[in-house]
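Following this note's numbering, the numbering of the sequence shown begins with 4 at its first residue and continues without gaps. Below is one structure, written out as structure tokens, with a few remarks after it.
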Amino acid sequence: MSASLLTPVAVGNSGLNNRVVMAPMTRSRSLQPGDVPGPLNATYYAQRASAGLIITEGTQVSPSGKGYAFTPGIYSPAQIEGWKTVTDAVHRAGGRIAAQLWHVGRLSHRSLQPEGALPLAPSAVQAQASVFIVDDHGQGLMAPADTPVAMTLADIKAVQAQFVEAARNARQAGFDFVEVHAANGYLFDQFLAQDVNQRSDRYGGSLENRARFLLETLDALKEEVGEDFIGVRLSPWCTINGMQQEPGEAMTLYLAEAFQQRNLAWLHVAEWGHAGGQPLNDAFRNALRTRFRNTLIVCGGYDANSAEQRLQQGTADMVAFGRPFIANPDLVARMRRGTPLAEADSATFYGGDAKGYTDYPTAV
Ligand code: 8OZ
């Protein structure tokens, strides 16, 4: 089974061993203080290096890009050193790894922000969503996202510069690629969404204006690290994190065409149909395929069989798996052999130590 899922694929200017992607997953286990990746994270990712491509958990490009306690960053020298140990371990194990560059925008809380500032967003519109903070006793808890402040043009330029610097840091830390997180209601997604983005300048209003912040950032990244190094993640019809079904078809297809014009390495589509969101229909999948001809990755509730069908349909080139990779570090070998999959324990998804992180055994 999984005839094509387990065949090699060319992405950007790299050859990957198979079409199985380890999806980006927040696990909130960076070293404190400083949100620094460490040896535990290196072990976790190296255990999963038989994936054709690993995409890391979101890593904030700056202190203001943080929206949850204990997520790692990629802006300080210590973080770059920490990520080096991760990429080295993955490369030694024969894998390839992308850093997912992340800014949460309004999905944050003043207790996580530099000097207790309010989070940044396209407009001062609060998300109906919760974020993970730490109380005065170091105990984690969920809290409503704060009402953000609208970004000035200087803020927009500053965040774009943070992404460029983060991409440079990623290259320095030995990553094979970066993925820009423009999905799931975070900063770029907030600019795309008509209800969240209420700006009246060139970054708000029309579809083209709402897309401008993302596309300008990608142009700046391309100049810095080259298009072969860059993927982007989108989540059409996303309804998590305070989103209301945006970006829809018109925006997603417009962006797909813009990504192809820039010859970016991949477009990664987070689907929410498996979790109560609107499923993508075949007409949309075909339209996306026509517009984006480099590597298309899909993610969301797939198993080996449904992934194989999607590849056969021709509307994806790779399929990303999230939860299955948590409890099955050897997911690729299990798919090859048809070995049953272990179930992940949701109590240890976020925060904590090796338990539920690096202690899931391989099948053989
Ligand atoms: C779960 C918990 C915290 C963050 C996403 C980065 O939804 C996330 C995330 C997921 O893309």
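Don't be surprised by glycine CBs; every beta carbon is placed ideally from N, CA and C. Just so you know, these numbers come straight off a predicted model, no measurement behind them.
(Q) Tell me the DSSP secondary structure of residue 243 in three-state form. (A) In the sequence shown, the residue the question calls residue 243 occupies position 240. Residue state, collapsed to three classes: coil.
Q) Taking just the CA atoms, how far does residue 10 sit from residue 310? A) What you label residue 310 is simply residue 307 of the sequence shown in a count that begins at 1. What you label residue 10 is simply residue 7 of the sequence shown in a count that begins at 1. One C-alpha to the other measures close to 13 Å.
Q: Could you pull the start and end residues of the alpha helix (DSSP H) that residue 147 belongs to?
A: The count along the sequence shown starts at 1 and reaches residue 147 at position 144. Premise fails: residue 147 lies in the beta strand (DSSP E), 143 to 147, not in any alpha helix (DSSP H).
Q. In three-state terms, what does DSSP make of residue 9?
A. Taking the sequence shown and counting its residues from 1, one reaches residue 9 at position 6. Residue 9 falls in the coil class under three-state DSSP.
Q) Which residue comes first and which comes last in the alpha helix (DSSP H) that contains residue 344? A) Indexing the sequence shown from 1 puts residue 344 at position 341. No alpha helix (DSSP H) holds residue 344; DSSP gives it neither H nor E.
Q | residue 29: CB within 7 Å of a non-hydrogen atom of the ligand 8OZ | A | The residue labelled residue 29 in the question sits at position 26 within the sequence shown. Yes, the Cβ of residue 29 comes within 7 Å of a heavy atom of the ligand 8OZ.
Q. Should residue 71 be listed as close to the ligand 8OZ, given that the test is whether its C-beta is under 7 Å from any heavy atom?
A. As a working note, residue 71 is residue 68 in the sequence shown. It does: the Cβ of residue 71 is within 7 Å (strictly closer) of some heavy atom of the ligand 8OZ.
**Q.** Span separating the alpha-carbon of residue 151 from that of residue 71
**A.** Position 148 of the sequence shown, counting from 1, holds the residue named residue 151. Position 68 of the sequence shown, counting from 1, holds the residue named residue 71. Rounded to the nearest angstrom, the two C-alpha atoms are 15 Å apart.
**Q.** Within 8 Å, strictly: CB atoms of residue 176 and residue 86
**A.** One-based indexing of the sequence shown puts residue 176 at position 173. One-based indexing of the sequence shown puts residue 86 at position 83. A contact, by the Cβ cut-off of 8 Å.
Q: State the start and end residues of the unbroken alpha helix (DSSP H) segment that holds residue 135.
A: Taking the sequence shown and counting its residues from 1, the one referred to as residue 135 is at position 132. Per DSSP, residue 135 belongs to no alpha helix (DSSP H); it is in the beta strand (DSSP E), 133 to 137.
Q. Alpha carbon to alpha carbon, what distance is there between residue 188 and residue 272?
A. Position 269 of the sequence shown holds residue 272. Position 185 of the sequence shown holds residue 188. So the two alpha carbons sit approximately 14 Å from each other.
Q) By DSSP, does residue 81 sit in helix, in strand, or in coil? A) Here residue 81 corresponds to residue number 78 of the sequence shown, with the count starting at 1. The answer is helix: DSSP assigns residue 81 an H, G or I state.
Q | Inter-residue Cα distance where the pair is residue 290 and residue 259 | A | Against the sequence shown, residue 290 aligns to sequence position 287. Against the sequence shown, residue 259 aligns to sequence position 256. Approximately 10 Å, taken between the alpha carbons.
Q: Pick helix, strand or coil for residue 28, following the three-state DSSP scheme.
A: Stepping through the sequence shown from its first residue, residue 28 is reached at position 25. Coil.
Q. Do you know offhand how far residue 321's Cα is from residue 8's?
A. One-based indexing of the sequence shown puts residue 321 at position 318. One-based indexing of the sequence shown puts residue 8 at position 5. Straight-line Cα distance between these residues: approximately 7 Å.
Q) With a cut-off of 8 Å, do at least 3 Cβ pairs link the region 192 to 206 to the region 117 to 128? A) yes
Q: Give the straight-line distance between the Cα atoms of residue 360 and residue 73, rounded to the nearest whole angstrom.
A: Here residue 360 corresponds to residue number 357 of the sequence shown, with the count starting at 1. Here residue 73 corresponds to residue number 70 of the sequence shown, with the count starting at 1. Rounded to whole angstroms, residue 360 to residue 73 spans 15 Å at the Cα level.
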